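Engineer: Chains A and B supply the protein sequences, listed in that same order.
Its first residue numbered 1, the first sequence is counted upward by one per residue in my numbering.
Its first residue numbered 1001, the second sequence is counted upward by one per residue in my numbering.
By construction, the Cβ of each residue, glycine as well, lies at the ideal position given by its N, Cα and C atoms.
Computed from a predicted model, the values in this text were never measured in an experiment.
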Amino acid sequence: MVPLLSIVLATLLAGTVATFFAGARARWAALATSIVFLVEVGLLFVSYPGWPGYSGSLVPGFAEQESYAWIHIYWMHVNYTVGVDGISLVLILLTAILQLATVVYSWTEGKRPAAYFGLVTLTCLGSFGVFVALDVLLFFLFWEAVLVPMFFLIGYWGGPRRRYAALKFFVYTHVASIVMLVGLLALVFYSGATSFDFASIYAAARGLSPVVQVFLFLPLLFGFLVKFPAVPFHTWLPDAHVEAPTGGSVLLAGLLLKLGGYGLIRWAVEILPEGFSHVRPIVFGLAFLSILWGSVLALSQRDLKRMVAYSSINHMGIVLLAIGLDSSLGLLAAVLLMFAHGIVSALLFMSAGTVHHTFGTRDIPAVGGITPTTPTLSTLMMAGSLASLGLPALIGFPAEFTALVATWDGLGYLVLLPLAVLVVTAGFYLWMMQRMLFGPARGIPAGAHDVPAHEGMAMGLLVAVTVLFGVVPSLLVNVIANSPVKGFPGT
Amino acid sequence: MDALTLAAPFAPELVVLAGALLVFLLDVAGVRRLEVGGAIASAATAVAFVLVIADLGFAPLAGVRTLGAGRIDLVPGAGAAPLYAFSSLGLVFQGLFLVAAFLVALASLGRPSTERGAPIFYGLLLLATLGMLLVAIASDLIFLLLAIELTSIATYLLVGYTRRDPRSLEAAMKFYIVGALSSTLSFFGASLLFGAYGTTNLYAIRAAAGTVGYPVLALLGFGFLVAGLAFKTTLVPFHAWAVDVYDGAPSEVSAFLAGGTKKVGVFAFFLVFLGPVLFARAGGPNPFSGAPFDIGPVVQVTLAAIAVLTMTVGNVLALLQKEMKRMLAYSSISQAGYILLGVTIGTAPAIAGATLQVLAHVLMKTGAFLVVAAVASLGVGPLIDDWRGLGAQRPALSVAFALMLLSLAGVPLTIGFVSKFVLFSAAVEAQGLYVWLAVVGLLNSALSVFYYGRVLKTIFFDPAPAPRATGAVAGAAGPPPLAVGGIGYARAAAIGIIAVAIVAIGIYPQPVLGPIQSAASHFWAGGP
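In structure tokens, the structure reads:
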């Protein structure tokens, strides 16, 4: 068997190193890396539907598995174990698309380009690792490997308050990571797992009593919710998103938040189902709070980027709600939502970035009627906004529709709450479009030009993805449903 | 036995001693070139390191050192009371000490060669190293304390070696007074133990404790020993001297003190407390049968309290520092607390974890102080704020420093993460009180992220001070421009070796973990 995952990892690693040392050609190295990465992910996808005929693996249901001894000391058996299922595969696809889009969008980055593109590639390497790791320590290692480059991306290339934002981001998420690590280690020790592998913990955790499961679940929940972020652990996000450079915001919103969702599904919900079922009220509470709080705050923002940042909290709240439903449909919706939000928020952050350097401000009331001047930008922004508010035929629709159906299944009339908030979400996007894109022109500097070619290409790529999976969501759904998770046909 | 056979087991110690004598002789003979001393010191430590490592079983050199002894672990039979014994854990520590000495010797070649008394520096360095090597093979209290004394006296002189600098002299004086006090405490403790058990041999004390138990005299003796060794290991509340000394000493010497000689105290803790006192932990033969009461918990709670205090106080005070060296000194104190956790827990995995943490600390702290020395040689001031914008001006040096700080903070892919992982896992495995020790340790490492992160932010994100960035002429107000030229090949090599080792071991620690694991298990099961 070809160790495809290790080959991808090696590609990204080599690409990162090459980019760091490529000097003026760094962007080409980064571009080459992302294209190869995308092709390899395509191969992964092509070989995946062959499942569930797959056999000979260590964890039934995970494809492309590899396992090598890594740290073996006393009873601690830490392995390099990787594998993918449908859930991770979809998020890996997201990683590859966003890496390519970010590199293309930032093509003219002039401030230390080698370091910039190297850090972007490194962030994607870390995310890929998180999605394929099937060993606690390997998972944590990649988890942290995302944090450090993002700290530098925000802190060096960010906006005026970047230093504060970077430090806040680092401390917040690192503390959360440590709590999560404590939870994971406690899980290993209390379950009596024979190694740090997912399979061994998964099997060992069956024997834990519900009370123990609840106590083990809570630190994991906290660690992942900070990354989500769920209200009230969200305060790092507006600062980090607003101050980060556009490429950093794209990766933050598109990838880093997904790490929280993925971690919650894979390392908490799957392993500790009993504990999860007792904690669900808390999860619902925080989910509803995030949905409401995020949309209300988004509605009240003047800064375009800040508005998109708060809408991320709102959308991730729906993801949390979908996970909390603890049904196969809810899980499917959560993964679809994460993919959709990853693509769409990236598109919106890119729009905000382009607006900022075209018009010199991101203040929504200050700029208006830009469509005649910058028709392409306006079109792309509109596509992003419409996808975000859930227009059919765009990726946001199947995701949100599934989520609402799943909520109806699980919670009955409580579905009215997210439904009502969806109206608010639609409201702030439409209101923003009305003010910025249409109406009388104002605040447009002389000589404002339309979106630069490379930025247009990056955003166009994302729009294409939005349309493709919006029209044919089964491309994703069939893969996700093949995962070895409870209730899916694959199990 | 002929002289050669007798001397063979001591080959590493003899090489270091010969190096020291050679440096002093050349100085007398008028050869005062810095490079000569540096070359001798680097070569002697490197050769000794190879000899030590060879004994740990790395083919094809295995067994060279133990020609006379026949095997590494000379566990004596009943009635034997040797002054020294080779334990594999001792050999691991010898290796660590030699790594620190080698790196410092190599990097010190970057000091200005016009400095007065330069070769003496290397002679003293080698003498201190010799003392450390002897500590690692001690099996008798008096031998142990005398070896520590040899190290201490050499380092007093090293701290005051830049005679023209009043801060250096003040630090030396302070170091000397505190050192003398701690030696007195240790020797007093040893004499009380002799009074209680009629021997100073650590095996014999253990055997005697099994039959006699722990009279008050012995408890007092252990108490004084804890205090004396705690001074050497910079444990709270015996830490106050360390910051002033690390701050005042030349940075290379600070590197040696924090990265090297401090670990002497750690090994002494292993020898004294794991042997006779903590041996009752599950699996070991119980020396407490017949004792009036189980002394183990008392000692463990005391050590645990010291460990928690040391971690916390070191971290909190590091948070408040404005000077780079003082921040590093406090962070070094907190790291000593982590290491003491291993002694407190006392299981084989914990010993392995503590030993790994010692190795990590050798690399990180030696490296950090060497970077401070290199940066100071570029004309950057002592305050953390003076390092603003260094990331853009000296990217390679800054990245190496960043790796060291990230490792100190315990970020994955660095050795600092692996060592903390093993240590805290061992604590959780030991259960009970130890789980809480792990929690405190983790909270502390979360806290430490704050000040390491702040330094990273200063170096990489803050703009350089104006006169330096614009390259304005010196003499104007504000900090002087960066010195032209590099930091020297020797320094760069030492820092580079450390940075690579931190990441390499962080990514694949097994080659280092293997020997440490077997050494720790062996030590736990039967070592002195």
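For G83(A), report the span of its alpha helix (DSSP H) as first-last.
Structural biologist: Taking the first residue of the first sequence as position 1, residue 83(A) is located at position 83. Taken as a continuous stretch (DSSP letters only), G83(A) belongs to no alpha helix (DSSP H), being part of the beta strand (DSSP E) at M76 to V84.
Engineer: Three or more C-beta pairs under 8 angstroms: does that hold for the region 172–188 of chain A against the region 274–294 of chain A?
Structural biologist: No, the region 172–188 of chain A does not touch the region 274–294 of chain A.
Engineer: Would you kindly work out how many angstroms separate the C-alpha atoms of V231(A) and I444(A), rounded to a whole number?
Structural biologist: Taking the first sequence and counting its residues from 1, the one referred to as residue 231(A) is at position 231. Taking the first sequence and counting its residues from 1, the one referred to as residue 444(A) is at position 444. Each residue's alpha carbon lies about 36 angstroms from the other.
Engineer: At 4 residues or longer, and completely inside the region 323–384 of chain A: list those alpha helix (DSSP H) runs for me, N to C.
Structural biologist: Taking only runs of at least 4 residues, the alpha helix (DSSP H) segments lying wholly in the region 323–384 of chain A are 328–359.
Engineer: Mark W157(A) as exposed unless 16 or more other C-beta atoms lie within 10 angstroms of its C-beta, in which case mark it buried.
Structural biologist: As a position in the first sequence, residue 157(A) is number 157, starting the count at 1. So W157(A) ends up on the buried side.
Engineer: Could you list which residues in chain B have their beta carbon closer than 9 angstroms to that of H174(A), in chain order?
Structural biologist: Along the first sequence, one-based indexing puts residue 174(A) at 174. Neighbours of H174(A) on chain B, chain order: A1409, V1411, A1446, V1449 and G1453.
Engineer: So which residues on chain B does V82(A) lean against when the C-beta distance must stay under 8 angstroms?
Structural biologist: On the first sequence, residue 82(A) is found 82 positions in, with the first residue counted as 1. Going along chain B, no residue has its Cβ under 8 angstroms from V82(A), so there is no contact; the nearest lies around 15 angstroms.
Engineer: From R362(A), L331(A) and I395(A), pick the residue whose C-alpha is nearest to that of A484(A); which is it?
Structural biologist: Translated into positions along the first sequence, residue 484(A) becomes position 484. As written in the sequence, residue 484(A) is Pro, which differs from the Ala given in the question. Of R362(A), L331(A) and I395(A), the residue nearest in Cα terms is L331(A).
Engineer: Does the beta-carbon of T1550(B) have 16 or more other beta-carbons within 10 angstroms, so that it is buried, or is it exposed?
Structural biologist: Residue 1550(B) is absent from the structure shown; chain B starts at 1001 and stops at 1528.
Engineer: Following the continuous beta strand (DSSP E) through I73(A), name the residue where it begins and the one where it ends.
Structural biologist: As a working note, residue 73(A) is residue 73 in the first sequence. Run containing I73(A): A63 to I73, per the beta strand (DSSP E) assignment.
Engineer: I need the DSSP call for E274(A), collapsed to helix, strand or coil.
Structural biologist: In the first sequence, counting from the first residue as 1, residue 274(A) sits at position 274. Helix at E274(A).
Engineer: Tell me the DSSP secondary structure of E1013(B) in three-state form.
Structural biologist: As a first step, residue 1013(B) must be located in the second sequence, where it is residue number 13. If DSSP states are grouped into helix, strand and coil, E1013(B) belongs with the helices.
Engineer: Considering Cα atoms alone, identify which of F1450(B), R1388(B) and F1097(B) is closest to L1320(B).
Structural biologist: Stepping through the second sequence from its first residue, residue 1320(B) is reached at position 320. Checking every option, the nearest Cα to that of L1320(B) belongs to F1450(B).
Engineer: Interface residues of chain B around L141(A) at Cβ under 7 angstroms?
Structural biologist: As a first step, residue 141(A) is located in the first sequence; it is residue number 141 there, counting from the start. Per Cβ cutoff of 7 angstroms: P1412 and L1413.
Engineer: Confirm, please, whether the CB-CB distance from T1344(B) to L1437(B) is below 8 angstroms.
Structural biologist: Counting from one through the second sequence, the residue named residue 1437(B) turns up at place 437. Counting from one through the second sequence, the residue named residue 1344(B) turns up at place 344. It is a contact, given that the beta carbons lie within the stated cut-off.
Engineer: Between which two residues does the alpha helix (DSSP H) carrying W28(A) extend?
Structural biologist: As a first step, residue 28(A) is located in the first sequence; it is residue number 28 there, counting from the start. Where W28(A) is concerned, the enclosing alpha helix (DSSP H) stretches over A26 to S47.
Engineer: Using DSSP bridges, identify the partner residues of D450(A).
Structural biologist: Locating residue 450(A) in the first sequence gives position 450, counting from the first residue. BP columns for D450(A) are empty, so no partner.
Engineer: Mark H341(A) as exposed unless 16 or more other C-beta atoms lie within 10 angstroms of its C-beta, in which case mark it buried.
Structural biologist: Position 341 of the first sequence, counted from the first residue, corresponds to residue 341(A). When all chains shown are included, H341(A) counts as buried.
Engineer: Looking at the C-beta of L1319(B), does it have a partner C-beta in chain A at a distance below 8 angstroms?
Structural biologist: Here residue 1319(B) refers to the residue found at position 319 when the second sequence is read from its first residue. Output row for L1319(B): interface = no.
Engineer: Cα separation between K433(A) and L419(A)?
Structural biologist: Reading the first sequence from its first residue, position 433 is the one you call residue 433(A). Reading the first sequence from its first residue, position 419 is the one you call residue 419(A). Checking the sequence shown, residue 433(A) turns out to be Met, not Lys. If you take the alpha carbons of M433(A) and L419(A), they lie about 21 angstroms apart.
Engineer: List, in order along the chain, the chain A residues whose C-beta lies closer than 8 angstroms to that of F1461(B)?
Structural biologist: By one-based count along the second sequence, residue 1461(B) stands at place 461. Chain A residues near F1461(B): G155, Y156, R162, R163 and A166.
Engineer: Out of curiosity, what's the CA-to-CA distance linking L147(A) and G247(A)?
Structural biologist: In the first sequence, counting from the first residue as 1, residue 147(A) sits at position 147. In the first sequence, counting from the first residue as 1, residue 247(A) sits at position 247. When rounded, the distance between both Cα atoms is 15 angstroms.
Engineer: Going by the DSSP bridge assignment, what does A1138(B) pair with across the sheet?
Structural biologist: In the second sequence, counting from the first residue as 1, residue 1138(B) sits at position 138. DSSP output for A1138(B) lists Y1084(B) as bridge partner(s).
Engineer: Would you mind stating whether Y1084(B) and A1138(B) have Cβ atoms separated by less than 8 angstroms?
Structural biologist: If you number the second sequence from 1, residue 1084(B) lands on position 84. If you number the second sequence from 1, residue 1138(B) lands on position 138. Yes, they are a contact pair.
Engineer: When the cut-off is 8 angstroms and only beta carbons count, does H241(A) lie next to chain B?
Structural biologist: On the first sequence, position 241 is the one that residue 241(A) refers to. So no, H241(A) is outside the interface.
Engineer: Please look up how many angstroms separate the CB atoms of E1323(B) and L1257(B), rounded, as I've assumed it's under 8 angstroms.
Structural biologist: Stepping through the second sequence from its first residue, residue 1323(B) is reached at position 323. Stepping through the second sequence from its first residue, residue 1257(B) is reached at position 257. Their Cβ separation, rounded to whole angstroms, is 17 angstroms, which puts E1323(B) and L1257(B) out of contact at 8 angstroms.
Engineer: Report back the beta-carbon spacing between L134(A) and T81(A) to the nearest angstrom; my notes put them in contact at under 8 angstroms.
Structural biologist: Along the first sequence, read from residue 1 onward, the residue named residue 134(A) stands at position 134. Along the first sequence, read from residue 1 onward, the residue named residue 81(A) stands at position 81. Indeed they touch by this definition, with Cβ atoms about 4 angstroms apart.
Engineer: Keeping to the same chain, check which residues put their C-beta closer than 6 angstroms to that of G1359(B); ignore five residues upstream and five downstream.
Structural biologist: Stepping through the second sequence from its first residue, residue 1359(B) is reached at position 359. Looking at the sequence provided, one finds Leu at residue 1359(B) rather than Gly. For L1359(B), where only same-chain residues beyond five positions count, the Cβ hits under 6 angstroms are L1096.
Engineer: Which residues in the same chain as G410(A) place their Cβ atom closer than 6 angstroms to its Cβ, once the five residues preceding and following it in sequence are excluded?
Structural biologist: Translated into positions along the first sequence, residue 410(A) becomes position 410. The answer, listed in chain order, is L325 and S327.
Engineer: Let me know if K1457(B) comes out buried or exposed under the rule of 16 or more other beta-carbons within 10 Å of its beta-carbon.
Structural biologist: Taking the second sequence and counting its residues from 1, the one referred to as residue 1457(B) is at position 457. The residue is buried, with at least 16 neighbouring Cβ atoms inside 10 Å.
Engineer: How long is the line joining the alpha carbons of L1133(B) and D1140(B), rounded to whole angstroms?
Structural biologist: Taking the second sequence and counting its residues from 1, one reaches residue 1133(B) at position 133. Taking the second sequence and counting its residues from 1, one reaches residue 1140(B) at position 140. Computed Cα separation, rounded: 14 angstroms.
Engineer: Mind checking the region 1341–1370 of chain B against chain A and listing, in chain order, the residues whose C-beta falls within less than 8 angstroms of any C-beta there?
Structural biologist: Listed in sequence order: A1348, P1349 and A1352.
Engineer: Are the C-beta atoms of P1509(B) and some chain A residue less than 8 angstroms apart?
Structural biologist: Reading the second sequence from its first residue, position 509 is the one you call residue 1509(B). Yes, P1509(B) counts as interfacial toward chain A.
Engineer: Below 9 angstroms on C-beta distance, what does V1092(B) contact in chain A?
Structural biologist: Locating residue 1092(B) in the second sequence gives position 92, counting from the first residue. Here the premise fails: no neighbours, minimum Cβ distance about 14 angstroms.
Engineer: By the criterion of Cβ-Cβ separation under 9 angstroms, what are the contact partners of V8(A) in chain B?
Structural biologist: On the first sequence, position 8 is the one that residue 8(A) refers to. The contacting residues do not exist; V8(A) stays about 18 angstroms from chain B at best.
Engineer: Beta-carbon within less than 6 angstroms of Y1176(B)'s beta-carbon, same chain only, minus the 5 sequence neighbours each way: which residues are those?
Structural biologist: Here residue 1176(B) refers to the residue found at position 176 when the second sequence is read from its first residue. If we look at Y1176(B) and ignore the five residues flanking it on each side, its Cβ neighbours are Y1156.
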